[in-house]
Each structure stands twice: as C-alpha cells, then as structure tokens.
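Protein chains in written order, with my numbering: chain A, 1 to 347; chain B, 1 to 382. In this text, a Cβ means the ideal position worked out from N, Cα and C, and glycines have one as well.
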C-alpha cells in the first residue's frame, strides 16, 4: 500500500468514525443517565435521513403521524396519572399542553411546508425537530414506568423498541433506499486526497456538537442536573432533580444526535429503513471502549472503529464486519482485567 | 319431526363453519415472499404482481395464500411446512431472496410439492429436485455481458459483489464464461448491502486496473457501490451491473453517476424497446401495461414480471397435470412436476423457458438483454 491509498482510507475511516462517535456519545449519555442500553439509537439515524428524503420529494413524512400518536398516548397516560394523584384540573391542563403543544406545532408546520419544497437547510431543521421530539416520547412510553428496573429488563425493552421502530420505518418510508443531496457540493483536492464539502460538513458538525455538549454539561443548570443524575440517581432526586425529566432530556438529546448523524451520512450513502441498526451498533461498539461511561474514550473508540473498518474493507472486504465486531472481545477482556467486576447493579 | 329438521340444520351450519378449508377441486398456491427485511424491496413488487393474478386457471378456481418470510430462512421454512402440512397446497412460490429460497427447497422436496423460486438459486447436485426457477440463471444473464466484453476488447475485469449467495452465484457463473473468452479476473472484492461505503474496495480495484468492473448487487442497494467506484475516478462506461440492479431505482439514486453504464437484464422491463420478433416482446408489453395500469407508470420491474410469468407457466402446465389427477392430491403435484419438465419451449415475459428433468433453470441463451443507461432511461444495446 502506498501513502496516497493509506491517506484516502484514513480520511474515509475518520469521516465514518466521526458519525460513529456522535452515536457513541449519545449511547453513553443515555446509559449514564437512565441505565438504558439504547439499541434503537440507529433508528433515529434512519428516521432523520429518510424524513429529509421524503421532504425532498415534497411528501409529508409518516414520522409526523408517529409523533402525533405518541404525543396523544403520552398525554392520555399523563392525564390518567394526574387524575389518580388527584391533581387540580388547572395543573392537568397545563401538563396536557406541555406534552402536546410542541408535537402538534411541528406536525402542523411540516404538513404545511412539505409540498412547498423549502430550502434544504429549512427542511433539515424541520427533520431535526420532528425526530428530536420523538426521543422524549419514546422514553415516556417505553421506559419511564420501568425506570428502576434492572439493566437487563431495560435492555430487553430496548430490543422491543428497536423492532417496533424498524417496522414502523418500513411502513413510513417503504423498502427502497434513498440518498439525500449534499449540503455542500464543493470538492477540494490535496494531492491524491479528495475532500468533499460533505466530509468537511461532517467534521464541523461533529466538533460543534461535541463542544456544544461540553458547554451544556459544564455551564447550564440542566446539564449539571443530568450529570448529577448520572452520578447518583437517588442523590439527585433528593436534591430535587426530576429523574424522569432527566430521562426525557437525555432521550431528546440522543434523538437529536441520531437525526443529525442521519442528515450527515444521508448524502454519502444509500439509507434504507433498516440501515440505522448497523450504524448504531458500530456506535455502540465504540461506546464500549469507554465502558459506556467515558465520553473521550468513546469518541476515540469511534475513530478506531471507523479506521479499522476502512482498512479492513481494503484488505479483506469479505470479512470487514467480522473484524469490526470482533474488536469488542479484546476490549471487553482488557476492561474487565483492568477494572475487575464492579456490581453496583445488583445491590 | 320438526325438532329433527332443526337439528339437521344446526348440524349442517356447524359443519360449514368448521370447514374453512378450500374445496378439494381448487388449485391452491402457497406464496412465501419477503415483505419485510432486507429484500422487501424485491418482495413488495412481487406481491403487487400477485395481486393481478387471475381468479382461475384452466377452469380451476385459484386460491392464493401469501405469507411474509421477513427475509429469514427459518420463517420461510416454517411457512413452507405450513403450506405442505396444513394448507395442502399444489404449488409453492418463493422466496425472492436467494438464501431464503434455498432453505425452502429441501422442505418442498420432502413434501413432494413443486416450488417455483423467485430467485436464481444455485443448488448443489442432488438438491432441489422439486424446485424450478422463475428468474434467469446468473449463467444465462452473464452471457450478454461477456459477449459485450468480447466485442469491445476487454481483457481483464474486477468483481465487486454482495458477500452473499447472489454475489457468489455470479462469481462462479461468470468466471468460466469469461475464461473461455480469454478475459482475466484480476480482483474480487465484497461488500454488504448495509455498508455505507466501498472506499477500500474501490481503491483496491483501481489498483488492479481492470478493463471493466462487474458490480453485483440488487435493487436500490446497487447504486452505492457504483457511485463509490465513480467517485474514485473509475470510468462510468466500464461499469457493468447485473439483472438484480435492473430497476429504475438504480437510475433514481445513481443519477448522473450511472449514466453510460451497462446493465444485464431480462427482456420484460424493456419490452417496448426490444426488436420485433423477440419471443418475449408481446408478453412483456402485456405484463407492463397490466402492471402499470394498477401501480402507476414506471413501476414495472423484473420481480413483478416473475409473478406474471408464474401464471404463464401454470396456464400451460395445469391442463397437462389435470389429466393425471385432481388438485389437492399427491398425484396432481407429481403430475405438475412432470408437466413442467416436459412441456418444452415456453415463452414468458422474461425470456424463453425450456425446463427439463436435469435443467430447472431452463432459460435459453438468447434470453438476456444488455441495457445501457442513457439520459435517465434504458437503452437496448444491440
């Protein structure tokens, strides 16, 4: 292999790694706050890319119906809860509005804007809004009642949510794949290396998001509340932090990151309704590097997964996936030798 | 007396309610195709084609049971067992995915029921005695590609294909054909349908520098590797795709990057562009107008055409088999197999079939057509 080939492969690997890194961050975030191993993370990627693809075609994406139905069910459950706790009607109405207003507004705007074929960036913003709102609703409906269950139970629920979302994806988007237009069509070449505008866009977005998350966790009250919940759920609750609020927030962030990743890779490959799973799984492998706890280690792991994938597709394309997923075994061994077995779970 | 009559009426009603099974004389087809999972893009148009099937064949009422196998061999085997043991079907159709259809073949043979595969499955000697293929064998579809290579002085080729049975079938079938023509295989690279990039594979192929590259993929998944090669600077006019990719999705997603590339295809999708005298022209046009009337313009593809052809072969074979037995009996099922093997040359919308006891692919060599993508549409390469 000569230098230029290695350069191209490295660039390709780092680009993919950046996307895996975002997903790894989301996985770590969700696990730290809610102890949910969030397998459906990848589905948000596919939902993001495909929602944008349908908007591009001038069609109303099916995801807004999902959004409305989930919001309605969540509102109904809230209402039942409130009635059981004997809250005054005014408080009930306030809760209802809080759950419903954002989804209804976003759905209405989408319904109005879809046939207009707005600018790509406006459609992307709309896509982000739709998918991000799905996150907290998924938490509310699938996980909130089980917040104190064991990690295993939460994992099983995750598998169920994954299958449900994949199936709904087939209904909403059909079996055919889509490829989105590039955000930036420019091409730069440095010797044999060719840098497309989209690649730069991916790097910029990934870095911006990481900095944004860093500021959010370091500087804002909400971010600090999330960190507190991650460190000690009971302690945080005693300090007046709502753990279910923290769960919803972390799922919202995860959905946002997933949708953004979908927008980023949508123009570089064909996305199918079920493409998200494998992409999310690679993010998960990267997150394992950080023991589902460390953000920098997860990001590093993601770059490693991306580069390894790229080089193995050159040397042994038939075994690419095998190589990437086998990577998890030595990492797990190394982690368990280093840390031993800590059992905070089974108290 | 009166009481007795009421009792009799109740008993009759109960018997009627308890017997939802089709009457014995009906012709029952069990269809197991992938409506969900990775090959749902192939299964869904097939289902749309099945929706247009007639109500009866050769005077026999047609019962069709369609089950989804989710592109999962285990589910498909379960469906097949249900067809044979519970529904007592006369014929099994499916599946659209190669590994799935292959798994069904053993069950069909065990139950002595003919299976019409909707995927070009290569089975080892001794397996698949009851399985006939509706799609063309990869060997037949490789002929127009290799012929085109010969004509244009191609001396070497690279292979970029799915890491599954479809990719494997193409590799094993095109290798001897190309070898005979003196065309060398210089590099074999694999990818998976769910892959997001083929950068590494494309680089390796570029280094081998073949005169042509064969991309083996299906449906809208065929565009990604194609674009990957073009992105690395490989000339578009030297890329060849297989009949799994001969759908409008390749053009829709590939856009300008597939313009000028070649695709091997069955005749049905380009029926109106075929030369007069092609045996499939009239049937192909009939299929297209019928299918597009129901599903919209530009919707016809080869998967739906195979569903159309199932009826064509049945219309020829069922009258022959009816002479030896009634539908729903083992004699009829065996007679159907004999009829398929002996009915001889049968033009269908996807070529000319000629099944024999030893050849269950049966398409004659003139079946394949080479298409060129030109300005977002297909062009038949003479």
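Please check if any C-beta of chain B sits within less than 9 Å of the C-beta of residue i.
{"i": "residue 279 of chain A", "result": "yes"}
{"i": "residue 201 of chain A", "result": "no"}
{"i": "residue 43 of chain A", "result": "no"}
{"i": "residue 185 of chain A", "result": "no"}
{"i": "residue 182 of chain A", "result": "no"}
{"i": "residue 325 of chain A", "result": "no"}
{"i": "residue 63 of chain A", "result": "no"}
{"i": "residue 37 of chain A", "result": "no"}
{"i": "residue 58 of chain A", "result": "no"}
{"i": "residue 317 of chain A", "result": "yes"}
{"i": "residue 242 of chain A", "result": "no"}
{"i": "residue 206 of chain A", "result": "no"}
State the DSSP-derived secondary structure class of residue i, mapped to helix, strand or coil.
{"i": "residue 304 of chain B", "result": "helix"}
{"i": "residue 350 of chain B", "result": "coil"}
{"i": "residue 190 of chain A", "result": "strand"}
{"i": "residue 57 of chain B", "result": "strand"}
{"i": "residue 371 of chain B", "result": "strand"}
{"i": "residue 133 of chain B", "result": "strand"}
{"i": "residue 232 of chain B", "result": "coil"}
{"i": "residue 178 of chain A", "result": "strand"}
{"i": "residue 271 of chain A", "result": "strand"}
{"i": "residue 344 of chain B", "result": "coil"}
{"i": "residue 381 of chain B", "result": "coil"}
{"i": "residue 189 of chain B", "result": "strand"}
{"i": "residue 309 of chain B", "result": "helix"}
{"i": "residue 278 of chain B", "result": "coil"}
Within the same chain, show all residues whose beta-carbon is closer than 6 Å to that of residue i, passing over the 5 residues directly before and after it, in chain order.
{"i": "residue 155 of chain A", "result": "37"}
{"i": "residue 66 of chain B", "result": "31"}
{"i": "residue 230 of chain A", "result": "32 and 33"}
{"i": "residue 334 of chain A", "result": "none"}
{"i": "residue 223 of chain B", "result": "250, 253 and 254"}
{"i": "residue 113 of chain B", "result": "84, 92 and 333"}
{"i": "residue 277 of chain A", "result": "42"}
{"i": "residue 297 of chain A", "result": "289 and 290"}
{"i": "residue 184 of chain B", "result": "156"}
In chain order, what residues of the same chain lie with their CB nearer than 7 Å to the CB of residue i, ignoring the 5 residues before and after it?
{"i": "residue 310 of chain B", "result": "93, 116 and 134"}
{"i": "residue 159 of chain A", "result": "39"}
{"i": "residue 321 of chain B", "result": "332, 335, 336 and 339"}
{"i": "residue 9 of chain A", "result": "310, 311 and 314"}
{"i": "residue 167 of chain B", "result": "161, 190 and 216"}
{"i": "residue 268 of chain A", "result": "198"}
{"i": "residue 14 of chain A", "result": "303, 306 and 307"}
{"i": "residue 117 of chain A", "result": "58"}
Is it right to say residue i is buried, meaning 16 or more other beta carbons lie within 10 angstroms of its own, or is it exposed?
{"i": "residue 357 of chain B", "result": "exposed"}
{"i": "residue 2 of chain A", "result": "exposed"}
{"i": "residue 377 of chain B", "result": "exposed"}
{"i": "residue 141 of chain B", "result": "buried"}
{"i": "residue 315 of chain A", "result": "exposed"}
{"i": "residue 89 of chain B", "result": "buried"}
{"i": "residue 173 of chain A", "result": "buried"}
{"i": "residue 248 of chain A", "result": "buried"}
{"i": "residue 274 of chain A", "result": "buried"}
{"i": "residue 250 of chain A", "result": "buried"}
Between which residues of its own chain and residue i is the CB-CB distance below 8 Å, once the five residues before and five after are set aside?
{"i": "residue 83 of chain A", "result": "92"}
{"i": "residue 107 of chain B", "result": "77, 80, 81 and 84"}
{"i": "residue 136 of chain B", "result": "120, 243, 266, 350, 351, 361, 363, 367 and 368"}
{"i": "residue 324 of chain A", "result": "282, 285, 305, 308, 309 and 312"}
For residue i and chain A, any beta-carbon pair shorter than 9 Å?
{"i": "residue 266 of chain B", "result": "no"}
{"i": "residue 65 of chain B", "result": "no"}
{"i": "residue 291 of chain B", "result": "no"}
{"i": "residue 38 of chain B", "result": "yes"}
{"i": "residue 223 of chain B", "result": "yes"}
{"i": "residue 194 of chain B", "result": "yes"}
{"i": "residue 373 of chain B", "result": "no"}
{"i": "residue 241 of chain B", "result": "no"}
{"i": "residue 31 of chain B", "result": "no"}
{"i": "residue 100 of chain B", "result": "no"}
{"i": "residue 376 of chain B", "result": "no"}
Considering only residues of the stretch 19-54 of chain B, which uninterrupted alpha helix (DSSP H) runs meet the minimum length of 4 residues and lie entirely inside it, listed in chain order?
-> 40-50
Which runs of the beta strand (DSSP E) spanning at least 3 residues fall entirely within the stretch 86-130 of chain B, listed in chain order?
-> 91-94 and 114-117
Contiguous alpha helix (DSSP H) assignments of at least 4 residues, all confined to the stretch 135-187 of chain B | 138-151 and 165-180
What are the uninterrupted segments assigned as alpha helix (DSSP H) that are 4 or more residues long and contained completely in the stretch 227-270 of chain A, given in chain order?
-> 233-238 and 243-265
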